[in-house]
Each structure stands twice: as C-alpha cells, then as structure tokens.
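The next block holds one structure in the form of structure tokens; read it before the comments.
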Amino acid sequence: MELLTAFWPYYIGILALAVIFGFTAQRSAFCPVGGMRDWMSQKQFARLGTYFGAIAAAMIFTSIVEGAGWVDLSQTMPPYRSAEFSWGRYIIGGFIFGFGMVLAAGCGMRNLVRVGQGSFKAVWLVALMSLMAYLITRTDFYANWVLPIVSPLSVTFEQSGAQDLASIVSGKSEYTATLRWILGVLIGLGVFFWLLKSSTFKQAKPIATALIIGGVITAGYSLTGGTYAEYIQGEASFMDTPPAGLGTQSFTFAAPMGDVVYWLSETHWALVSFGVIAVLGMVIGSAISSLLQGSFKLEGFSSGRDFIISSLGALLVGFGAVLAMGCSIGHGLSGSATLALGSFVALVSILAGAYTGIRLESRWQ
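My numbering numbers the first residue of the sequence shown as 5 and each following residue consecutively.
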C-alpha cells in the first residue's frame with residue numbers, strides 16, 4: 005500500500021505514455037523494418053521516413069528540455085552517454101537484432117503492437133524475445149559465454165568523460181551543455197527538413213506520428229528525470245523495499261521484456277518498473293486503437309515454416325537487443341535523443357542487419 009500510495013502518479017504517467025505510443029504505433033503501422041521493406045521493394049518512403057522523423061523529433065524535443073535544465077541525461081538507464089564505448093556490442097548486437105527482426109516480421113515494439121491487434125503469433129514471439137532477454141540479463145549466461153568475447157571490443161573516452169557528440173567535440177568544457185542542445189536541435193531540424201523533401205512524408209499522418217512518438221520519448225525522460233522523479237527517489241530511500249528500476253530513462257524494449265518475465269516469476273509490486281509498465285501499456289494502446297478501428301483480428305502462424313523462421317528471428321531479436329544494450333526504439337529513438345555515439349553506431353548496424361535480412365529473405369520464403 006505504501007508503494008502504491010507514493011508512486012501511483014508515476015506509474016499512471018508511464019502507462020499513459022505507453023498507451024499513447026501503442027495507440028499511435030498501431031494506427032500508423034509504425035515499424036522500422038516494415039519501412040525498410042517498403043523502401044527497398046516498392047520505393048515507398050513514408051513509413052521509414054516516419055521512423056527517421058520520430059528520431060529527429062525526439063532529438064529536438066529532448067535537447068530543448070535538457071538545455072532548459074528540466075532534466076539531466078548524463079546518467080540514464082541504460083547509460084547511453086557512458087564513457088565506455090562498447091563498439092563491439094553496438095555493432096554485433098545491432099546487426100543480429102536487425103537481421104532477427106526481419107525473420108520475426110518486426111522488432112519487439114512492433115510485435116507488442118500486434119499482440120494488441122489479436123495476433124497469437126506475436127504473443128509467442130514476444131514470449132521468446134522476453135525469455136531470451138531474461139536469460140541474458142538475469143542468469144550467468146552472458147557473463148560466462150558472451151562477455152569474454154565482447155569485453156575486449158571496447159574503448160573509453162577518457163578525455164571527454166562521455167560519448168555524446170558534444171562531449172567528444174568539446175571535452176569537459178564549460179560550453180559542453182550549450183553545445184549539446186545546439187547540436188541536438190540543429191541535427192534534428194536538419195533531418196526533419198530533409199525528410200520534408202519527400203512527398204510521401206510531407207503529409208499530415210507521417211508528420212503527426214513522428215511528432216507524437218518523438219514527444220513521448222522526451223516525456224519519458226522528463227517524467228523519470230525531472231523534479232517529480234527527484235521527489236519519488238527521495239521517497240524510495242525511506243522504503244524497506246523500494247521500487248525497481250528508478251532512474252532517468254525512456255522507452256526501450258530490450259531488457260524490459262526480460263524484466264516482465266522476472267516480475268511474473270516473483271509477482272511483487274516493487275518489481276514493477278518503467279519497462280514492465282511500458283510493455284503492458286504498448287499492448288493496451290494498440291488494443292484500444294485496433295478495436296476502435298475495427299482491425300482487431302485473431303491470427304496465428306501461416307505454416308510450420310513460418311513458425312520456425314519467426315521463432316528463430318524472435319530469439320535473435322531478444323539476444324541482439326540486450327547485447328547491443330538497446331533496440332530500434334532504445335538506441336534508435338531514446339539513445340539517439342541523447343546524441344550518444346554508441347546509439348548512432350548501433351542504429352546503423354541495426355539498419356544494416358535489416359537490409360541484409362531483407363535482401364536474403366527470398367532464400368527462405
């Protein structure tokens with residue numbers, strides 16, 4: 005009761021943002037790999053442009069909010085601006101994730117949206133992604149089998165103390181904070197104006213989708229890293245069992261899927277984190293949208309072959325997302341909004357993996 009009384013506005017705020025995200029993603033068919041496929045096979049840029057537009061919007065909004073002093077993104081969860089630049093994890097994990105989401109017909113976010121649309125196939129795939137994330141984050145599997153391989157593939161930005169673009173350029177200068185928001189706004193506006201050259205993006209629906217989803221990312225940071233967040237963290241320090249996962253963060257569906265499995269195994273309210281609520285809220289938002297739209301439909305796998313290929317893809321998505329410390333939403337939107345170099349590297353690697361998967365797709369179809 006103590007937990008619910010002190011934190012219910014925090015939980016409701018997260019849930020509201022996740023529902024908005026899920027509703028918007030379902031209504032707009034927001035999907036990075038779907039956008040890649042549209043662009044590569046039909047030269048249709050609208051969905052891919054919407055994804056890049058959301059990245060640009062999140063970058064602009066987040067830079068303004070941080071520049072105004074409303075939130076500090078120097079210590080986020082995951083630590084996007086960490087001085088440790090784990091390039092091996094970004095590249096290898098990102099590529100595996102990107103390739104996997106082609107096989108699974110979508111990333112974790114997209115499959116959560118499909119769960120809300122009535123897809124039993126997506127329920128199975130999300131379960132596999134979650135179990136793989138749980139295996140890596142909650143057991144010794146990563147430490148024993150993966151860490152020895154990727155640990156040497158890392159460097160540390162000692163002079164700058166952080167890996168965001170502003171810190172890399174100016175080091176620990178007194179002008180770093182100013183340069184950070186200037187770069188964020190300029191890069192974001194540059195991307196957005198470039199996208200407006202496309203007639204398929206320069207329409208109300210893609211632009212509105214990009215602005216809403218980008219705004220949700222920034223709102224996530226503001227909720228978890230602003231003044232109210234400082235208050236609830238102070239309240240948590242007096243609790244015998246404080247809530248898990250408090251800290252500045254926004255949407256990602258890598259480790260949170262594993263957190264859902266952990267929560268289901270323990271079923272304690274203190275384990276209800278931002279990520280757990282985000283996963284559930286995405287499904288709720290998608291379900292509301294699909295029911296209102298009349299597109300809710302129960303569906304499963306089309307064949308045994310589809311089951312095997314999609315299941316393999318889901319395992320790759322779960323593994324790659326945690327290895328890369330982010331996914332197409334985590335690094336693509338939340339991480340890029342912090343101007344973290346690792347997020348940009350991971351994003352390029354994710355897109356490269358998706359591109360490769362789409363090119364090879366005809367071989368297993």
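Glycine included, C-beta positions come from ideal geometry on N, C-alpha and C.
Owing to the predicted nature of the structure, the values given are computational and were not obtained by experimental measurement.
- Secondary structure note for E239: its alpha helix (DSSP H) is the uninterrupted segment 231-240.
- DSSP, read as helix, strand or coil, puts E178 in coil.
- Annotation for D42: the continuous alpha helix (DSSP H) segment containing it runs 36-46.
- Secondary structure note for S332: it is in no alpha helix (DSSP H), with a DSSP letter that is neither H nor E.
- Annotation: the segment 144-180 contains the following complete segments of the alpha helix (DSSP H) (minimum length 4 residues), in chain order: 151-154, 169-174.
- DSSP lists T80 as the bridge partner or partners of T252.
- The three-state secondary structure of F300, taken from DSSP, is coil.
- Cβ-Cβ distances below 6 Å link G304 to F124, K125 in the same chain, with the five nearest sequence neighbours on each side left out; the list follows chain order.
- Two segments are said to touch when three or more pairs of C-beta atoms, one from each, lie closer than 8 Å; by this definition the segment 39-59 does not touch the segment 308-323.
- Every candidate beta strand (DSSP E) stretch fails here, since none sits fully inside the segment 60-139 while reaching 3 residues.
- Exposed is the label assigned to D244, since fewer than 16 other Cβ atoms lie within 10 Å of its Cβ.
- Within a 10 Å sphere around the beta-carbon of I96 sit 16 or more other beta-carbons, which makes this residue buried.
- Per DSSP, the continuous alpha helix (DSSP H) segment holding S347 begins and ends at 345-364.
- Straight-line spacing of the CA atoms in V69 and T160 works out to 28 Å.
- The shortest CA-to-CA distance from T213 to any of W149, V265, G26 is the one to G26.
- As the crow flies, the alpha-carbon of A22 is around 5 Å from that of A282.
- At least 9 Å separates the beta-carbon of M113 from that of V195.
- Using a Cβ-Cβ distance cut-off of 8 Å, the segment 76-83 and the segment 195-209 are not in contact, since fewer than three pairs of beta carbons, one from each stretch, lie closer than that value.
- Straight through space, the alpha carbons of G98 and M136 are spaced by roughly 15 Å.
- Within its own chain, the residues whose Cβ lies closer than 7 Å to the Cβ of L139, once the five positions on either side in sequence are excluded, are F145, listed in chain order.
- Apart from the 5 residues on each side of it in sequence, G57 sits with its Cβ closer than 6 Å to the Cβ of L199, A214 in its chain, given in chain order.
- For the pair of segments examined, the segment 102-112 was found to touch the segment 314-334: the number of CB pairs separated by less than 8 Å reaches three.
- Of the residues assessed, N115 falls on the buried side of the cut-off, its CB having 16 or more other CB atoms within 10 angstroms.
- Taken through DSSP and simplified to helix, strand or coil, S202 comes out as coil.
- In the assembly as shown, F197 is an exposed residue. Its beta-carbon has fewer than 16 other beta-carbons within 10 Å.
- The alpha-carbon separation between G122 and K301 amounts to approximately 5 Å.
- For W273, the secondary structure class from DSSP, reduced to helix, strand or coil, is helix.
- Here DSSP, grouped into helix, strand and coil, assigns F257 to coil.
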